[in-house]
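Here is the structure we will look at.
Residue numbers (full-length UniProt numbering): 1 to 299.
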């Protein structure tokens, strides 16, 4: 039993409850952000509410593609409170080690949280979210989409194209503007760097429409977000030994940068992590610790 009522439930309330996601508590959440609703008997959840739920164990059947979840997890999850709205069912917890901030997916924007719509689907609270490496916006800069002013400093709600550094826009505007068309910078038309940065910053790009430049060539067909190579090329080792600094990345040798095989958002020079040239994969400390304690999928 997932819902307990202290009064007699009307037919209208019963229908509404059956259509309400047990994780975020909403029946009419934005499908572009929360995904389609999945219903099974008395259980209703949004697709991305499940996928981002770090406190929920699920697995996917390789043949059918169907998601399988453990019902016994829900009584524990529905007790978790969202730090944004204060209500229960906050199954999404910040990925940062030691942070226990939990929130609902529909509350992410209000709470200035980032949810990354690509594997391994990490989420971050406002304190630990990734930020764009840009300076403040020039004075009197307007959003290129709504034409309203943007803040003159870097913030969660103010974003810029990482390629040209000239296209400034509101987070909500870029998400809404590109919910239904090809995704690129509205000024320089860059796709590759623009898409990678927007994904990292938590913008969801519709899988059916994404096309970008991969290794300098135009993709012949739409590319799912999960297959986009996040080309992080910086050494994030605690101590970087490279004479050229953390940003130097060579194609081979001791200063070749390997990306984390799990998150692809952290990198290291071979020399800085003492990796032999025969080593083809590497996992960052954060992901290694999380995967070591993640329960194995049942047979």
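Glycine included, C-beta positions come from ideal geometry on N, C-alpha and C.
Note that the structure is predicted; figures quoted are calculated from it, not measured.
Closer than 6 Å by C-beta to residue i: which residues in its own chain qualify, once you throw out the five before and the five after it? Chain order, please.
i, result
"residue 186", "144, 167"
"residue 260", "266, 283, 284, 287"
"residue 129", "114"
"residue 94", "101, 124, 125, 128"
"residue 254", "270, 271"
"residue 24", "49, 104, 105, 106"
"residue 237", "268, 272, 273"
"residue 256", "250, 270"
Tell me which same chain residues have a C-beta within less than 7 Å of the C-beta of residue i, skipping the five on either side of it?
i, result
"residue 258", "267, 268, 270, 275, 282"
"residue 184", "190, 191, 194"
"residue 20", "26, 27, 44"
"residue 246", "234, 235, 240"
"residue 252", "none"
To the nearest angstrom, how far is it from the Cα of residue i to the Cα of residue j?
i, j, result
"residue 162", "residue 37", "34 Å"
"residue 100", "residue 39", "29 Å"
"residue 50", "residue 156", "24 Å"
"residue 31", "residue 158", "23 Å"
"residue 64", "residue 78", "Caution is warranted here: a pLDDT of 48 is assigned to residue 64, below 50, making its placement in the model unreliable, and the coordinate value is therefore given only provisionally. If I take the Cα positions, the gap works out to 28 Å."
"residue 171", "residue 198", "10 Å"
"residue 98", "residue 117", "22 Å"
"residue 86", "residue 103", "9 Å"
"residue 250", "residue 196", "21 Å"
"residue 176", "residue 204", "10 Å"
"residue 96", "residue 120", "14 Å"
"residue 54", "residue 188", "37 Å"
"residue 92", "residue 108", "10 Å"
"residue 80", "residue 22", "12 Å"
"residue 173", "residue 160", "12 Å"
"residue 133", "residue 47", "31 Å"
"residue 165", "residue 52", "31 Å"
"residue 242", "residue 88", "48 Å"
"residue 248", "residue 122", "27 Å"
"residue 202", "residue 131", "10 Å"
Applying the 10 Å Cβ sphere with the 16-neighbour rule, what's the burial state of residue i?
i, result
"residue 279", "exposed"
"residue 147", "exposed"
"residue 138", "exposed"
"residue 200", "buried"
"residue 277", "exposed"
"residue 75", "exposed"
"residue 35", "buried"
"residue 106", "buried"
"residue 153", "exposed"
"residue 244", "exposed"
Closer than 8 Å by C-beta to residue i: which residues in its own chain qualify, once you throw out the five before and the five after it? Chain order, please.
i, result
"residue 239", "272"
"residue 83", "90, 101, 102, 103, 111, 125"
"residue 142", "148, 149, 150, 168"
"residue 140", "149"
(request) Tell me the start and end of each unbroken beta strand (DSSP E) in the region 112-183 that is at least 3 residues and wholly inside, in chain order. (result) 158-160, 168-170
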